[in-house]
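**Student:**
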Amino acid sequence: MNHTIATIAVLVASVFWGTTGTAASFAPDISPFAIGAFAMGFGGVLLCLTSLTQLINNASTLRKHYSLTLLGSACVAIYPLAFYTSMNSAGVAIGTVVSIASAPLFTVLLEYLIEKKPIATRWLVSFCFGAIGIGLIALGKEYNPATKGLFSQNIGILLGLIAGLTYAGYSWVAKRLISKGVHSRATMASLFGGAACVLLPSLLITGDTLFATVTNTSVALYMAIVPMFLGYWLFSIGLKTIAASQAVLITLLEPIIATILAIVVLNEQFQQIGWLGIGLVSVSLVIQTVNIKQFVNTLQKTHIDDLR
Numbered sequence: 003m004n005h006t007i008a009t010i011a012v013l014v015a016s017v018f019w020g021t022t023g024t025a026a027s028f029a030p031d032i033s034p035f036a037i038g039a040f041a042m043g044f045g046g047v048l049l050c051l052t053s054l055t056q057l058i059n060n061a062s063t064l065r066k067h068y069s070l071t072l073l074g075s076a077c078v079a080i081y082p083l084a085f086y087t088s089m090n091s092a093g094v095a096i097g098t099v100v101s102i103a104s105a106p107l108f109t110v111l112l113e114y115l116i117e118k119k120p121i122a123t124r125w126l127v128s129f130c131f132g133a134i135g136i137g138l139i140a141l142g143k144e145y146n147p148a149t150k151g152l153f154s155q156n157i158g159i160l161l162g163l164i165a166g167l168t169y170a171g172y173s174w175v176a177k178r179l180i181s182k183g184v185h186s187r188a189t190m191a192s193l194f195g196g197a198a199c200v201l202l203p204s205l206l207i208t209g210d211t212l213f214a215t216v217t218n219t220s221v222a223l224y225m226a227i228v229p230m231f232l233g234y235w236l237f238s239i240g241l242k243t244i245a246a247s248q249a250v251l252i253t254l255l256e257p258i259i260a261t262i263l264a265i266v267v268l269n270e271q272f273q274q275i276g277w278l279g280i281g282l283v284s285v286s287l288v289i290q291t292v293n294i295k296q297f298v299n300t301l302q303k304t305h306i307d308d309l310r
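Here this note's numbering is used: the first residue of the sequence shown is 3, the next is one more, and so on.
#1: Consult DSSP for Val200 and reduce its assignment to one of helix, strand or coil.
#2: Where does Phe237 sit, in a helix, a strand or coil, going by DSSP?
#3: Note the first and the last residue of the continuous alpha helix (DSSP H) segment covering Glu270.
#4: Which first and last residues belong to the alpha helix (DSSP H) in which Ala25 is found?
#5: At the level of alpha carbons, what is the spacing between Val200 and Ala11?
#6: Between which two residues does the alpha helix (DSSP H) carrying Ile159 extend?
#7: I'd like the list of long-range same chain contacts for Phe44, defined as Cβ closer than 6 Å, with 5 residues on each side in sequence excluded.
#8: Pick helix, strand or coil for Gln118, following the three-state DSSP scheme.
#9: Which first and last residues belong to the alpha helix (DSSP H) in which Ala226 is found?
#10: Taking C-alpha atoms, which residue in Phe237, Leu54, Ile96, Ser186 lies nearest to Leu251?
#11: How far does the alpha helix (DSSP H) with Thr243 in it reach, from first residue to last?
#12: Leaving out five residues before and five after Phe131 in sequence, what residues of the same chain have Cβ atoms less than 6 Å from its Cβ?
#13: Tell me whether Asn60 sits in a helix, a strand or coil according to DSSP, three-state version.
#14: Rank Val292, Thr291, Gly279 by C-alpha distance to the C-alpha of Leu312 and give the top, closest one.
#15: Tell me whether Leu57 is buried or exposed, calling it buried when 16 or more other Cβ atoms sit within 10 Å of its Cβ.
#16: Out of Ile80, Gln274, Pro82, Leu255, point me to the one whose CA is closest to Thr21's CA.
#17: Got a sec? Which residues, its chain only, sit under 6 Å from Ala41 by beta carbon, not counting five neighbours each side?
#18: Out of Ile259, Lys242, Thr123, Ala79, which has the shortest C-alpha to C-alpha gap to Ser186?
#19: Counting C-beta neighbours from all protein chains within 10 Å, is the total for Arg65 16 or more, i.e. buried, or is it exposed?
#20: Along the chain, where does the alpha helix (DSSP H) containing Val127 start, and where does it finish?
#21: Using a Cβ distance threshold of 8 Å, determine whether the stretch 160–177 contacts the stretch 108–122, with at least three qualifying pairs required.
#22: I'd like to check one pair, Cys50 with Gly195: are the Cβ atoms closer than 8 Å?
#23: With C-beta atoms as the reference, is Ser192 less than 8 Å away from Thr63?
See below:
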């Protein structure tokens, strides 16, 4: 698959994921755990139903690599619980920074330690811009952070690291399964379908308001169909071609979309330091998505043609 198409697929998936915070704000009485469990769980069911042929055709390969599949499913199930609890314990800013900014680092470490892939200088530079940018965006969004005790903050940071690790984990597992010959749709369906077996039963405890109103129902279905089902289908398309570490780094676009929607749709206030963060993340994305060498060669060729 063309590298550009794969990159665009991940970027569009990130745009979809960036809408989740704004969408959830229209149903504030739904527990974050419930909406996260339903979105990822029901999204997993949709992925399975629309990928039955691929799942059947790849069943033997998935059974052969059942340990990878179970690991990926566990990561999918743990991620939303760790992410939301991290923000609740340490505050939105710290929880967001630790969870989102640590995921690309964990992904590249998994590739380096297990697959012996070298860490590219381009990736490292892009990550530095992105991680600093995410931190500044979080500072720009949170004017009056709730006072948290030291113990609560430490627990939140630990959970944020777990969220980042599990996000990296299921992205890495998905790439590994695809590289072993499993169809990309079957890969995502198996991981999210396995997680659904854990997430959906939890709604018996947390999901009492999930379908209480038309608005709540609409938000829940939107979250499951667009960000989760379509988003992870596009993400799997991207993983066919690009490395998991690059794909996860590209998804740093997600907080930019979330921030812009919060300002435009929800009229949230945003400090100037946050705009600097958006600029740094944008630089990170350009470094990661644009073929600099090809771009320079094109400029040089154009210049030479003009001289002629």
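Even glycine gets a Cβ: it sits at the ideal position worked out from N, Cα and C.
**Tutor:** So, from the data block:
#1: Here residue 200 is taken as the residue at index 198 of the sequence shown, counted from 1. Three-state result, Val200: helix.
#2: Reading the sequence shown from its first residue, position 235 is the one you call residue 237. It is helical.
#3: Counted from its first residue, the sequence shown places residue 270 at position 268. No alpha helix (DSSP H) holds Glu270; DSSP gives it neither H nor E.
#4: Taking the sequence shown and counting its residues from 1, one reaches residue 25 at position 23. Its alpha helix (DSSP H) spans residues 22–27.
#5: Against the sequence shown, residue 200 aligns to sequence position 198. Against the sequence shown, residue 11 aligns to sequence position 9. Approximately 28 Å, taken between the alpha carbons.
#6: As a working note, residue 159 is residue 157 in the sequence shown. Element bounds for Ile159: 152–181.
#7: By 1-based counting over the sequence shown, the position of residue 44 is 42. Scanning its chain for C-beta atoms nearer than 6 Å, with the 5 sequence neighbours on each side dropped, one finds around Phe44 the residues Ala226, in chain order.
#8: Taking the sequence shown and counting its residues from 1, one reaches residue 118 at position 116. For clarity, residue 118 is Lys in the given sequence; the question names Gln instead. DSSP, read as helix, strand or coil, puts Lys118 in coil.
#9: Looking up residue 226 in the sequence shown gives position 224. For Ala226, no alpha helix (DSSP H) segment is defined, and its DSSP state is neither H nor E.
#10: Taking the sequence shown and counting its residues from 1, one reaches residue 251 at position 249. Considering only alpha carbons, the answer is Phe237.
#11: What you label residue 243 is simply residue 241 of the sequence shown in a count that begins at 1. Per DSSP, Thr243 belongs to no alpha helix (DSSP H) and is neither H nor E.
#12: Along the sequence shown, one-based indexing puts residue 131 at 129. Answer for Phe131: Leu282, Val285, Ser286, listed in chain order.
#13: Position 58 of the sequence shown, counted from the start, is the residue given in the question as residue 60. Asn60: coil per DSSP, three-state reduction.
#14: No answer is possible for residue 312: it lies beyond the span of the chain, which begins at 3 and ends at 310.
#15: Counting from 1 along the sequence shown, the entry for residue 57 is found at position 55. Residue burial annotation: Leu57 is buried, with at least 16 other C-beta atoms found within 10 angstroms of its C-beta.
#16: Counted from its first residue, the sequence shown places residue 21 at position 19. It is Leu255 whose Cα lies nearest to the Cα of Thr21.
#17: As a first step, residue 41 is located in the sequence shown; it is residue number 39 there, counting from the start. These residues qualify, in order along the chain: Met225, Ala226, Met230.
#18: Here the question's residue 186 lines up with position 184 in the sequence shown. Measuring from the Cα of Ser186, the nearest candidate turns out to be Lys242.
#19: Position 63 of the sequence shown, counting from 1, holds the residue named residue 65. Exposed.
#20: One-based indexing of the sequence shown puts residue 127 at position 125. Taken as a continuous stretch (DSSP letters only), the alpha helix (DSSP H) holding Val127 covers 123–143.
#21: Taking a contact to require three or more Cβ pairs closer than 8 Å, the stretch 160–177 and the stretch 108–122 qualify as touching.
#22: Here residue 195 is taken as the residue at index 193 of the sequence shown, counted from 1. Here residue 50 is taken as the residue at index 48 of the sequence shown, counted from 1. Closer than 8 Å, so yes.
#23: As a first step, residue 192 is located in the sequence shown; it is residue number 190 there, counting from the start. As a first step, residue 63 is located in the sequence shown; it is residue number 61 there, counting from the start. Not a contact, by the Cβ cut-off of 8 Å.
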